[in-house]
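Chains as they are written, first to last, in the numbering used here: chain A, 292 to 668; chain B, 63 to 536. Working notes for the structure below.
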Amino acid sequence: MILAVLLSAAAWSSPCEALLRPRTPGVPAAPSPSPLPDTLCLQVDLDVAGRASLTTPAVGVSRELLLSRGQGELELRAPVASARVNLDAVRSGGPAGYVGVAGESVVPRVQVAEARLDLNRLGLAAAAGMVDDLWVIGAQDTWALPAVALTMGQEQGWLERSDLGLWAAWTAPRSALTASVSTLSGEGLARRERNNGQNLMGVLTLRPLALSSAPAERLELSVMAREGSRGVSYTPDHRVAARATVSLPLVVTSAELMLGWGLDADRKALPAGLSLSARGGPASPVVAWARVDWTTNQHDLDEAAALIWRVGVGPRLPGPEVMGLPAVQLVVGVEGRHAQPQATALAGADAATTSTTVFFQLNARLRGGLPLTPEAP
Amino acid sequence: MRFSPIRDLSAPLLCAALTACSGADADAGRQAWLVEQLVQDNLVWTSRDPSLLAAKYRKMAADPYDFMRGSLGVFFADLQRTSDRRATTAFISEAESGAVLLVGDPHPENVGTFLPDGDAPTARSALSGLVLDFNDLDGAVFGPWILDLRRAALGFGALTLGLEGCEADCRAEAITALAEGYTAAVLGVGDLSAAYATDRVTLELLDDTVEDGLARKRLDDLTTLGDDGQRRLALDEALDEDGAGLLALSDEEHAQLQRLVSTLRLPAGARVLDGARRYGSGVASSPAVRYVVLYDLGDDGDLDDELLQLREVADPPVPPSLRPTLPGLFDSQADRAEHAPRLLWSSPRLDPRLDALSDGVMTFKALSYSSWFSGFDHEDIAKDWEKGKIGPADLAALARSVGVLLGEAHLRAPTASGEDPGPTLRAELNQPGLAEELIADAEADLLQLQADHGHLQDALRELGPCLGADELRP
Chain A
292 MILAVLLSAA AWSSPCEALL RPRTPGVPAA PSPSPLPDTL CLQVDLDVAG RASLTTPAVG
352 VSRELLLSRG QGELELRAPV ASARVNLDAV RSGGPAGYVG VAGESVVPRV QVAEARLDLN
412 RLGLAAAAGM VDDLWVIGAQ DTWALPAVAL TMGQEQGWLE RSDLGLWAAW TAPRSALTAS
472 VSTLSGEGLA RRERNNGQNL MGVLTLRPLA LSSAPAERLE LSVMAREGSR GVSYTPDHRV
532 AARATVSLPL VVTSAELMLG WGLDADRKAL PAGLSLSARG GPASPVVAWA RVDWTTNQHD
592 LDEAAALIWR VGVGPRLPGP EVMGLPAVQL VVGVEGRHAQ PQATALAGAD AATTSTTVFF
652 QLNARLRGGL PLTPEAP
Chain B
63 MRFSPIRDLS APLLCAALTA CSGADADAGR QAWLVEQLVQ DNLVWTSRDP SLLAAKYRKM
123 AADPYDFMRG SLGVFFADLQ RTSDRRATTA FISEAESGAV LLVGDPHPEN VGTFLPDGDA
183 PTARSALSGL VLDFNDLDGA VFGPWILDLR RAALGFGALT LGLEGCEADC RAEAITALAE
243 GYTAAVLGVG DLSAAYATDR VTLELLDDTV EDGLARKRLD DLTTLGDDGQ RRLALDEALD
303 EDGAGLLALS DEEHAQLQRL VSTLRLPAGA RVLDGARRYG SGVASSPAVR YVVLYDLGDD
363 GDLDDELLQL REVADPPVPP SLRPTLPGLF DSQADRAEHA PRLLWSSPRL DPRLDALSDG
423 VMTFKALSYS SWFSGFDHED IAKDWEKGKI GPADLAALAR SVGVLLGEAH LRAPTASGED
483 PGPTLRAELN QPGLAEELIA DAEADLLQLQ ADHGHLQDAL RELGPCLGAD ELRP
């Protein structure tokens, strides 16, 4: 933590200021003739959150105290090349197993380990390794509160946070559009390759306001299509999605629609979801959010949908900011889930149809960087 | 509640959907799903010795009952899978009823005889000292109580596949008896003496057990008496064509067995005489490491010689439940392996040799391995049925006994929250419809089981003996 604060202080008075501007993977900056400073910068990003919650109906062992997020990221950036490693904290043994590491310890897991190339003059970028899923990370940057809840696609298990593969992306002048393609193993970050098929995904983001004097990123319209397969039986794992985002100083709103064919080796599954969200923007006096997700794993089936709603608020605490939000947040939130009979783990079990969770959460996300001396040739 | 903003909008998109909409037939889809579930369930064995996993799949493919035994994880996954054949339950209305300690896999072959210590307080049987109860609780986990009944009903359904002439009516009679036995046990009405079962299936088992127990048949079968008067395990030179046998220990296995035995709770004065690796037993856990240990109580001669088995225990399949309920009341795998049986059995000391041991990341359970500890065998039951020694009424009586055992087991153990499950179980069982729900579910589950059994046979032919997962070895 101390290191991060020191790094943060160092970053903004160094040649790294321009180089370390936040960027969304798969969204290179628009072509720029002005070269970035020829330096090497180290960026550290720590994102940790702890939660105390109360869920009704209560059942089983108390899980009211949670590490709701534990991520660390290191990135070395130069104007053209960068290397990034992101680790998150996971409970070994899974949620219901005993066979873990050193008991069932929380252990670090590699989420991202990527090499990246940026050709800034052309607005081109490419990355390879264990890379981000471009749709998930785009949705996450819009929602900006992954410690409160993952985005719909990731939370429902329809998309993985990252995967082995590579992507390439291009952003047009004035950021009018970004087009990206990726090819990934299709098994996600936690499984070895199971088949010879690769997932192919394309994402197109339009920023209509780039043609006006308003900031281009204020309105983004994105679409995605993925042709995929999963498992030893090449089960289809296709997705299409669309998202509209309006980013104003006070509020950021988003609507996302996703459809799928195949899920988790079930080729008959037809997942679908609609997520509507609003959160406080950079000028908001409070940290606040409201989100409603309508989801189903079989949208051609009656009584198979679930509705999840979330609201929360917290003061805007003083201190550094990351991506327009306070680095440290103390928030209170409420989540409700209402599932139709076919959307519960055991179909028809009344006890599983409705649950409500109230929680307090302390988030700390600190990011900073400092210049390093490149190794002499 | 009806909200479906996607359905209308998605229809045109559906038809444009790449390859998934190209009319892939439903059976191929089911087979692919089944293969994926089996591969995931058995990853731990894939990473060890694939030949043992291949033997397990062969055993499952050869017999629908054995397929049922080896596919508890598939059964649970199927219940959680959103599909048009997913039946809804009219029960599990309270959170506590969804967190009962389950037997896990209460099919008829997991019921057997026990010979508890002489001082066991609740030992009951028509034959002196012998008790009937569940003898495999590796799947014990917290979850909705009705899952145990649904699994038991499927177990009886699978059993009837080998009983000529026992069709839907015959199954319905047995499953009705299962539900009645369970309800009677939970509500405390009627004759609950499950262990005094007078059906001919149980009496046959008891007769055989007494005969084999008095003759020390298993000890004689698995050991030889040397010239020095000492028994030794009778080792096989190689596994038989079914992959079964008793083999000498490798150096690594010898070291592991020594570590396990050094922490094993044996009677005072007990001496370990021999040990061997046992292959080919069971179905679901057949690739697990198993040892047989020969020990005595310190006397000269072989009259005090006994066998016990040590078997590796893996994480149980996760049932559909409200929230993850393990670790629940259990600190560790070893704690679960030892204390789930003690909580569920009619007496905590039903098996005096029950113990659980950790060896690094592996957990083993110790159990008595004498002929007094015996179980039902679906092939034996089928033979008796064919000979006319047993009939539908006996099957129903056996099902009722299993129902009573289940009800009593559920009542004994606390829920995952540590609460008494009695009030919530009694409240739910006061509503009608249990037998009807179980009969309908069992018929659907049995159809799916038969179809899946065929899918496994096809998949083994198409994908190879490990279902194409050979390359997943680390």
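Virtual Cβ for every residue (Gly too), placed ideally from N, Cα, C.
Exposure of residue i, with buried meaning 16 or more beta-carbon neighbours within 10 Å
i	result
Met681 (chain A)	There is simply no residue 681 (chain A) to check, as chain A begins at 292 and stops at 668 in what is shown.
Lys451 (chain B)	exposed
Gly610 (chain A)	exposed
Glu524 (chain B)	exposed
Ala393 (chain A)	exposed
Thr536 (chain A)	buried
Ala655 (chain A)	buried
Trp107 (chain B)	buried
Ala440 (chain A)	buried
Arg339 (chain B)	buried
Thr469 (chain A)	buried
Glu478 (chain A)	buried
For residue i, three-class secondary structure by DSSP
i	result
His629 (chain A)	strand
Glu266 (chain B)	helix
Phe438 (chain B)	coil
Arg411 (chain B)	coil
Leu408 (chain A)	strand
Gln489 (chain A)	coil
Ile443 (chain B)	helix
Met614 (chain A)	coil
Val380 (chain B)	coil
Val106 (chain B)	helix
Leu525 (chain B)	helix
Ala185 (chain B)	In this prediction, Ala185 (chain B) scores a pLDDT of 37, lower than 50, which makes its location untrustworthy; the coordinate-derived value is nonetheless stated afterwards. If DSSP states are grouped into helix, strand and coil, Ala185 (chain B) belongs with coil.
Proximal residues to residue i (C-beta, below 8 Å), its chain only, five neighbours per side dropped
i	result
Gly429 (chain A)	Thr315, Gly317, Val318, Val494, Thr496, Ser513 and Arg534
Length of the line joining the Cα atoms of residue i and residue j
i	j	result
Gly91 (chain B)	Arg373 (chain B)	35 Å
Ala569 (chain A)	Ala458 (chain B)	60 Å
Ala418 (chain B)	Gly201 (chain B)	15 Å
Gly174 (chain B)	Gly224 (chain B)	20 Å
Leu199 (chain B)	Arg294 (chain B)	30 Å
Thr260 (chain B)	Leu268 (chain B)	10 Å
Leu356 (chain A)	Leu653 (chain A)	12 Å
Ser453 (chain A)	Val422 (chain A)	5 Å
Ser347 (chain B)	Ala546 (chain A)	48 Å
Ser396 (chain A)	Arg385 (chain B)	20 Å
Arg521 (chain A)	Asp270 (chain B)	50 Å
Thr442 (chain A)	Trp447 (chain B)	57 Å
Glu446 (chain A)	Ala597 (chain A)	13 Å
Thr460 (chain A)	Glu518 (chain A)	Before going further, note that residue 460 (chain A) is Ala rather than Thr in the sequence given. Spanning the two alpha carbons is a distance of roughly 18 Å.
Ser84 (chain B)	Trp552 (chain A)	Reliability of the predicted coordinates at Ser84 (chain B) is poor, the pLDDT of 40 falling under 50, and no value is obtained from them.
Val355 (chain B)	Leu164 (chain B)	30 Å
Leu301 (chain B)	Ser312 (chain B)	15 Å
Ser408 (chain B)	Ser430 (chain B)	17 Å
Strand pairing of residue i, partner residues [DSSP]
i	result
Leu367 (chain A)	A:Leu333 and A:Ala374
Ser430 (chain B)	B:Leu370
Phe392 (chain B)	Note: Phe392 (chain B) sits in no beta bridge, so no partner.
Glu400 (chain B)	BP columns for Glu400 (chain B) are empty, so no partner.
Val466 (chain B)	According to DSSP, which records beta bridges pairwise, Val466 (chain B) is partnered with nothing at all.
Asn654 (chain A)	A:Ala340 and A:Gln620
Ala516 (chain A)	A:Gly493 and A:Val531
Arg382 (chain A)	A:Val397
Val649 (chain A)	A:Leu345 and A:Val625
Leu592 (chain A)	For Leu592 (chain A), which the question treats as bridged, DSSP gives no partner whatsoever.
Nonlocal neighbours in the same chain, by C-beta distance under 6 Å from residue i, ignoring five residues either side
i	result
Leu287 (chain B)	Arg293
Ala501 (chain A)	Arg465, Ser466, Ala467 and Ala507
Gly448 (chain A)	none
Thr645 (chain A)	His629
Thr544 (chain A)	Val537 and Ala569
Ala369 (chain A)	Leu331
Contact set for residue i: own chain, Cβ-Cβ below 7 Å, skip 5 residues either direction
i	result
Ala674 (chain A)	Only positions 292 to 668 of chain A appear in this structure, which leaves residue 674 (chain A) out of reach.
Arg488 (chain B)	Val248 and Leu249
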